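*Asks:*
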Amino acid sequence: MNATSRRGSILIGVLWCLVILSVVVVGVLHTARIDLVLARHEGDVVQAHYLALAGIEKAKALLAQDARDRKRSARAHSSELQDSPANFRDVALGRGRFSVLRHAGPGSAGGWAHGVSDEEGRLNVNVAATNELLRLPGMTADAAAGIVDWRDADHAVTPGGAEADYYSSLSPPYVPRDGPFQSLRELLMVRGVAPAMLFGSERGVDRHSGGSGNPDLRTAGWEDVLTTVSAVRNVNAAGRDRVNVQTADEKTLGGVAGISPEIAKAIVARRGQNQFQSILDLLDVTPAPASGNVDVNALARGRGRGNAGNNANPGGPRLVDEDLLQRIADDITTVDDETLKGPINVNAAGVDVLACLPGIDRPLAQAIVNFRSSSGPIPNVAALLRVPGMNRQLLGPILPRITTRSETYRILAEGVVPGRETRRRIEAIVRIGTPDVTTLAYREDDL
13 MNATSRRGSI LIGVLWCLVI LSVVVVGVLH TARIDLVLAR HEGDVVQAHY
63 LALAGIEKAK ALLAQDARDR KRSARAHSSE LQDSPANFRD VALGRGRFSV
113 LRHAGPGSAG GWAHGVSDEE GRLNVNVAAT NELLRLPGMT ADAAAGIVDW
163 RDADHAVTPG GAEADYYSSL SPPYVPRDGP FQSLRELLMV RGVAPAMLFG
213 SERGVDRHSG GSGNPDLRTA GWEDVLTTVS AVRNVNAAGR DRVNVQTADE
263 KTLGGVAGIS PEIAKAIVAR RGQNQFQSIL DLLDVTPAPA SGNVDVNALA
313 RGRGRGNAGN NANPGGPRLV DEDLLQRIAD DITTVDDETL KGPINVNAAG
363 VDVLACLPGI DRPLAQAIVN FRSSSGPIPN VAALLRVPGM NRQLLGPILP
413 RITTRSETYR ILAEGVVPGR ETRRRIEAIV RIGTPDVTTL AYREDDL
């Protein structure tokens, strides 16, 4: 091989080396670029996560302040934080922003509003009776029976329902909880419950977009109207314990503003014959008989449930009218329970939820919504007597199931980092006390 050939071979070898090195360098740079993009994305994800957390914390702080303000002013309900773009819409923080969202249904932009939602505005699946469950949109008799069997402690099968024998035959097998539902998604494990029942249909709506699509094309599911955690303390709007008219003595009853000594004495005499079925029975209270003139035989004949109209002096004038009852209703109770589980807040519930209550049809449920929209928040449960179409016979049976206050809230916060618009969502359910705020449930990412 002559010198020229050798030089050519060396040149070719050098060129091949350069090609190989170039490929290696390009590969390394490509890998480095991918790593850099992934690192930036991971950084954006972390920032978006903490932006969402900031939204949760801001909502908790505002809810706690709202609870303190309502307690000081003895207001039962405030809806200011249910729709508050000034507090919850695209709040700038660092290099990103956060929003707090809630499902608002048709009529709102994209089906979303900027605010929190009341859990007491929903039907508690752990408390609702079968007849209440059956009034839910899309509910079937088998699904309602399955829900009751899943949560009850016994092993008796409700017609159409299922107990351990059925669930153990599935693949893979599992057992029913035989206790309260811990989350709404647990409903998917119940015989007769399909995903479309819980989540609804999404015809044209992107639930995760926070605003795209046509909300009128969405069929709402139970996740918008059910809860597992609603509860309120048995106190008045000012946070003071209510007086139990079933057990309180005359002095304690007289401490309630509006209850005179005469009324207190009459209440004690009235319950000596019949326990109060609800605070509406106070409308039947008449003056107590003069001391020493009590007809013992009449008292004996009057005892028992179902004689709500019988009094120690049945012919006397009624001492409590509807106006007085509405003034004292928030200060009294007929139960000793410190916490009322699963009541429905008539100031926050929609028509679908209100119509689940016994005896309340959809027109009357709509009348309640219209009444609070035109007159402001309903101050106490007795004030429902002012709703067109409502009467004592309809209100009495639902009083144990309703309230005018909320203490449990659902917060859905979204953090956004600009550029690639990286988003993360966190949902928390919190109970607002004064001063404590307790987180009852927490979810993220799959929202």
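In my numbering, the protein residues as written are 13 to 459. Every residue gets a Cβ at the ideal spot worked out from N, C-alpha and C, and that includes glycine. Predicted, not measured: the structure shown is a model, and the values here were computed from it.
Of the choices Q194, P192, R203, whose alpha-carbon is the least far from that of Y186?
*Replies:* R203
*Asks:* Helix, strand or coil, according to DSSP, for I271 in the structure here?
*Replies:* coil
*Asks:* Given a cut-off of 8 Å on the beta-carbon distance, is the pair N248 and D343 in contact?
*Replies:* yes
*Asks:* Here's the rule I'm using: 16 or more other beta-carbon atoms within 10 Å means buried, otherwise exposed. How should P355 be labelled?
*Replies:* So P355 ends up on the buried side.
*Asks:* So, under 8 Å CB-CB, V244 and L411 are touching, yes? Tell me the CB distance rounded to an integer number of Å.
*Replies:* That pair is no contact at about 14 Å.
*Asks:* Between which two residues does the beta strand (DSSP E) holding H115 run?
*Replies:* 108-115
*Asks:* Tell me the DSSP secondary structure of R374 in three-state form.
*Replies:* helix
*Asks:* According to the Cβ coordinates, are L424 and R114 closer than 8 Å?
*Replies:* yes
*Asks:* Does the Cβ of N14 have 16 or more other Cβ atoms within 10 Å, making it buried, or fewer, making it exposed?
*Replies:* exposed
*Asks:* What does DSSP give as the partner residue(s) for D253 in the beta ladder?
*Replies:* V247
*Asks:* Considering just the uninterrupted stretch of the beta strand (DSSP E) at D444, what are its terminal residues?
*Replies:* The residue you asked about is not Asp; residue 444 is Ile in the sequence shown. Here the beta strand (DSSP E) through I444 covers 434-444.
*Asks:* What do you get for K277, buried or exposed, if any count of 16 or more other CB atoms within 10 angstroms of its CB means buried?
*Replies:* buried
*Asks:* Going by CA-CA distance only, name the one from A300, V358, V365, A269 that's closest to L336.
*Replies:* A269
*Asks:* Give the DSSP bridge partners of R18, in chain order.
*Replies:* In the DSSP output, where bridge partners are listed per residue, R18 has none listed.
*Asks:* Which residue comes first and which comes last in the beta strand (DSSP E) that contains L210?
*Replies:* From DSSP, L210 is part of no beta strand (DSSP E) but of the alpha helix (DSSP H) over 207-211.
*Asks:* Can you give me the C-alpha to C-alpha distance between A208 and A60, rounded to a whole angstrom?
*Replies:* When rounded, the distance between both Cα atoms is 30 Å.
*Asks:* Quick test of your reading: T416 and N392, contact by CB under 8 Å. State the CB separation rounded to the nearest angstrom.
*Replies:* 6 Å
*Asks:* Using a Cβ-Cβ cutoff of less than 7 Å, which residues in the same chain neighbour T152 once the five nearest sequence positions on both sides are dropped?
*Replies:* G204
*Asks:* Checking the sheet assignment: what are the DSSP bridge partners for Y454?
*Replies:* A440
*Asks:* Would you decide whether C368 is buried or exposed? Buried here means 16 or more other CB atoms lie within 10 Å of its CB.
*Replies:* Burial call: buried.
*Asks:* Roughly how many whole angstroms lie between the Cα atoms of W124 and V257?
*Replies:* 43 Å
*Asks:* Taking the DSSP output, what are the residues bridged to K353?
*Replies:* Here K353 is bridged, per DSSP, to A243.
*Asks:* In terms of residue numbering, what span does the beta strand (DSSP E) encompassing Y178 cover?
*Replies:* No beta strand (DSSP E) holds Y178; the alpha helix (DSSP H) holding it covers 176-179.
*Asks:* Have a look at the DSSP bridge pairing and note the partners of A104.
*Replies:* R109
*Asks:* Can you check which of these residues, W234, P192, V429, is closest to L210 by C-alpha distance?
*Replies:* Minimum Cα distance to L210 is reached at W234.
*Asks:* Around the Cβ of L196, are there at least 16 other Cβ atoms within 10 angstroms (buried) or fewer (exposed)?
*Replies:* buried
*Asks:* Looking only at its own chain, which residues have a Cβ that is under 7 Å from the Cβ of Y179, when we skip the five neighbours before and after it?
*Replies:* P185, Y186, V187, P188
*Asks:* To the nearest angstrom, how far is the alpha carbon of A206 from that of L200?
*Replies:* Distance from the CA atom of A206 to the CA atom of L200, rounded to whole angstroms, is 6 Å.
*Asks:* Distance check for G362 and A141, CA to CA, integer angstroms please.
*Replies:* Going from the Cα of A141 to the Cα of G362 covers about 19 Å.
*Asks:* Decide yes or no for the touch test of the region 153-163 against the region 94-102: beta carbon pairs closer than 8 Å, at least 3 of them.
*Replies:* The region 153-163, when compared against the region 94-102, does not touch it at the 8 Å Cβ threshold.
*Asks:* Out of G266, D457, T451, V332, point me to the one whose CA is closest to K72's CA.
*Replies:* T451
*Asks:* Considering only their Cβ atoms, is the gap separating F383 from T346 smaller than 8 Å?
*Replies:* Contact flag unset, no.
*Asks:* Secondary structure at E426, three-state DSSP: helix, strand or coil?
*Replies:* strand
*Asks:* Just to check my reading of the structure: E274 and P299 have Cβ atoms closer than 8 Å, yes? What is that Cβ distance to the nearest angstrom?
*Replies:* 7 Å
*Asks:* Output yes or no for whether 8 Å exceeds the beta carbon distance between G427 and A64.
*Replies:* Closer than 8 Å, so yes.
*Asks:* From D164 to P370, what does the alpha carbon distance come to, in whole angstroms?
*Replies:* 21 Å
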